[in-house]
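In case it helps, the working numbering puts the sequence shown at residues 34 to 428.
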Amino acid sequence: MVMNAVNYLYHIIMGRVLGPVDYGTLSSLYSILYLVGIVPTSTSVAIVKFISSVKNDTEVYSIYKALERFILRLSLALSLLLLITTPLTANFLQIKDVWSVASVSLILFLILILLLNQATSQGLLKFMGSVGPGLISSVVKLGLGLLLVILGWSVLGAMVGVIFGMFFAYLYSYFFLKKNMQETKIKPFHLGPFFKFALPSLLQALAFTSFFTVDVILAKHFLSPFEAGIYGALSTLGKIIFFAVSPIISTMFPIISGRASRQEEYGNILGLSLLAVVFLGGTVVFLYYLFPELAIGILYGKAYLVATSELFLMGLFVLFYSLSYFWVNFFLSVGDTKIIWVPLAVALVQIPALWKFHQNIREVVTVNLWLGVLLFLVIIGYVGYNSLKIKYGKR
Numbered sequence: 034m035v036m037n038a039v040n041y042l043y044h045i046i047m048g049r050v051l052g053p054v055d056y057g058t059l060s061s062l063y064s065i066l067y068l069v070g071i072v073p074t075s076t077s078v079a080i081v082k083f084i085s086s087v088k089n090d091t092e093v094y095s096i097y098k099a100l101e102r103f104i105l106r107l108s109l110a111l112s113l114l115l116l117i118t119t120p121l122t123a124n125f126l127q128i129k130d131v132w133s134v135a136s137v138s139l140i141l142f143l144i145l146i147l148l149l150n151q152a153t154s155q156g157l158l159k160f161m162g163s164v165g166p167g168l169i170s171s172v173v174k175l176g177l178g179l180l181l182v183i184l185g186w187s188v189l190g191a192m193v194g195v196i197f198g199m200f201f202a203y204l205y206s207y208f209f210l211k212k213n214m215q216e217t218k219i220k221p222f223h224l225g226p227f228f229k230f231a232l233p234s235l236l237q238a239l240a241f242t243s244f245f246t247v248d249v250i251l252a253k254h255f256l257s258p259f260e261a262g263i264y265g266a267l268s269t270l271g272k273i274i275f276f277a278v279s280p281i282i283s284t285m286f287p288i289i290s291g292r293a294s295r296q297e298e299y300g301n302i303l304g305l306s307l308l309a310v311v312f313l314g315g316t317v318v319f320l321y322y323l324f325p326e327l328a329i330g331i332l333y334g335k336a337y338l339v340a341t342s343e344l345f346l347m348g349l350f351v352l353f354y355s356l357s358y359f360w361v362n363f364f365l366s367v368g369d370t371k372i373i374w375v376p377l378a379v380a381l382v383q384i385p386a387l388w389k390f391h392q393n394i395r396e397v398v399t400v401n402l403w404l405g406v407l408l409f410l411v412i413i414g415y416v417g418y419n420s421l422k423i424k425y426g427k428r
C-alpha cells in the first residue's frame, strides 16, 4: 500500500512539474513499460503459484535457479528487441526525444530480473522481500527523477530516475533472497508444467494490462499533445483505485493457492478480500463523483481541470476493471484457467474500438467504461455458472 502511494505521488508530482504536454509523453512511455512488461508479470504469477505450492527448500531453490536462467535470456532478448524498435515507437507516439524512448529497454531488463526475486519472496510469504524492492524503487525514482527534471532533464530525467530506482531495488532483492532462501543441491526441474500454467497467466496479463495501457498509447497517437497529457493524468487518477486494491489481490493469491493445493478452507479469505476491494474502490469512486474538481485541482493542478467531467466515468471503469481482475486471479489461484479467455476476448475488442472512436477524451473514456462493464458482467456470469462446482470453503 505504501509503495503504491509513493508511485501515485510520483505521477502527481511529475504531472505538476512537467505540465500536460511532457506528462503525456511520460505517461505513454510508462504505458509501453506496462505493455511490454506483460511477460514478466505473467511469469511472476506463475512463480508465486509454484513456489507457494512446494514443500521443501530443495524444490524451492531448484525452481528458482531454473527460472533464473530462463528469465535472464528472456530479458536480454526482449530488451534488445525494444531497443531496435525505438525509432518506430518514437515516431508512432510523436516523441522527439529518442533517448527517453530508448531508456525503456534498459528499464524492462531490470524489471524482468527483479520480478523473479520479488515473486519468489511472495511465494515464500516473505513480505519485505516482495514489497521492499518496490518501495525502494519508488522512493529513488521519485527523489532522483524529480531532481533531474528540476535541473532541466525533462522526461529523460524522470526515466533515468526509474533506471536507478530499479537497480537499487534489484540489489536489495538479491541480498534479501540470499539471506532468506537456503541454497541446496539443485535437482532437475522441467519448465514444462511452469509454461503450461504461465501461458494462461500471460493471456490474462495481456488482457488486463492492455485495458490501462492501450488507451494511453492511442491517446498519445491520436489526440493533441495537450489532450494526451490530460488523458494521461485522468488515467492515473483512475488507477488510484487499482493501486489501492492490488495489494489485497496479490496477497490473497498465494494464500488461497496454498490452501487449495492442500485442500484446506479458503472461503473466509476470499470473502474478506472481496469486501475490502469493493469498499476501497467504491469509496474512491464516490469521492470522485462528489468532488471531481477538488480531486484534480489538489492532485494535478489547474492545468488539468478540463478533465473534471470525465473523472467519475474513469473511476467507474477502473472499479469494474479491478473487480474483474479480482475474480480472474481467484480462479487462477485455484487452478481454473478457462476464465482467462473472457478478458482476452474483451481486450481484443478495445483496440479497434478506440481506433475508431477517439475524437476526444470523453469518447475514449466512454469506450473503456462500456468495455469494463461488459467484462465484469460476463465474469460474474462465469462465477454464477461455476458456483455449483466451486465450493467456497472446501473444494
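Glycine included, every Cβ here is placed at the ideal spot set by N, Cα and C.
Asked, Found
"With C-beta atoms as the reference, is Q155 less than 7 Å away from V81?", "yes"
"Following the continuous alpha helix (DSSP H) through M161, name the residue where it begins and the one where it ends.", "160-181"
"Evaluate S136 with the Cβ neighbour count: other Cβ atoms within 10 Å of its Cβ, from every protein chain shown; 16 or more gives buried, anything less gives exposed.", "buried"
"By DSSP, does E343 sit in helix, in strand, or in coil?", "helix"
"So which of N213, S366, A386, Q383 has the shortest CA-CA distance to S85?", "S366"
"How about T341 and E326: are their beta carbons less than 7 Å apart?", "yes"
"Go ahead and label P53 buried or exposed: buried means 16 or more other beta carbons lie within 10 angstroms of its beta carbon, across all protein chains shown.", "buried"
"Below 7 Å between beta carbons: does that hold for Y485 and F286?", "Nothing can be reported for residue 485, as the shown portion of the chain is limited to 34 through 428."
"Buried or exposed: where does G48 fall if 16 or more other Cβ atoms within 10 Å of its Cβ makes it buried?", "buried"
"Count the other CB atoms within 10 Å of the CB of I331; is the residue buried (16 or more) or exposed (fewer)?", "exposed"
"Hey, quick one: how far does the alpha helix (DSSP H) through I250 stretch, first residue to last?", "247-255"
"Hey, V406 and F353 are a contact pair by Cβ (cut 8 Å); roughly how many whole angstroms apart?", "6 Å"
"Can you check which of these residues, F125, F345, R395, is closest to L8 by C-alpha distance?", "Because the chain in this structure spans residues 34 to 428, residue 8 falls outside the shown range and cannot be described."
"Quick check on this structure: which residue in T58, F142, I45, S95 has the alpha carbon closest to the alpha carbon of I104?", "F142"
"Got a sec? Which residues, its chain only, sit under 6 Å from K427 by beta carbon, not counting five neighbours each side?", "Its pLDDT being 46, under 50, K427 is placed unreliably by the model, and nothing is read from it."
"So, V382 versus V182, is the Cβ gap smaller than 7 Å?", "no"
"Between V397 and the rest of its own chain, which residues show a CB-CB distance below 7 Å, the 5 nearest in sequence each way excluded?", "D248, A252, Y264, L387, H391"
"Identify, in the order they occur along the chain, each residue of the same chain with its Cβ nearer than 6 Å to the Cβ of Y97, setting aside the five sequence neighbours on each side.", "T153"
"Which whole runs of the beta strand (DSSP E) in the stretch 37-103 are 3 residues long or more, in chain order?", "none"
"Beta-carbon separation of V375 and V411 under 7 Å?", "yes"
"Cβ of Y205 within 7 Å of Cβ of I169?", "yes"
"What residues in its chain sit with their C-beta under 6 Å from that of I219, if we drop five residues either side in the sequence?", "S95, K98"
"If we count Cβ pairs, one from each stretch, closer than 8 Å, do we get three or more for the stretch 254-268 versus the stretch 55-63?", "yes"
"Around the Cβ of H223, are there at least 16 other Cβ atoms within 10 angstroms (buried) or fewer (exposed)?", "exposed"
"With H264 as the anchor, note down where its alpha helix (DSSP H) starts and where it stops.", "With the sequence shown as reference, residue 264 is identified as Tyr, and His is not the correct amino acid for it. Element bounds for Y264: 258-294."
"For A328, which residues in the same chain have their Cβ closer than 8 Å to its Cβ, ignoring the five residues on either side in sequence?", "L270, L320, Y321, L344"
"Do G165 and G178 have their beta-carbon atoms positioned less than 7 Å apart in this structure?", "no"
"Go ahead and pull the three-state DSSP assignment for E396.", "helix"
"Sorted by chain position, which residues of the same chain lie with C-beta nearer than 6 Å to L268's C-beta, five sequence neighbours on each side aside?", "Checking the sequence shown, residue 268 turns out to be Ser, not Leu. Hits under 6 Å: V249."
"Can you check which of these residues, A266, G291, A277, is closest to K335 by C-alpha distance?", "A266"
"Assuming I140 contacts I196 (C-beta within less than 8 Å), just tell me the rounded distance between them.", "6 Å"
"Quick check: N213 and K174, are their CB atoms within less than 7 Å of each other?", "no"
"Are there 16 or more other CB atoms within 10 angstroms of the CB of Y43, so buried, or fewer, so exposed?", "buried"
"DSSP three-state call for L407: helix, strand or coil?", "helix"
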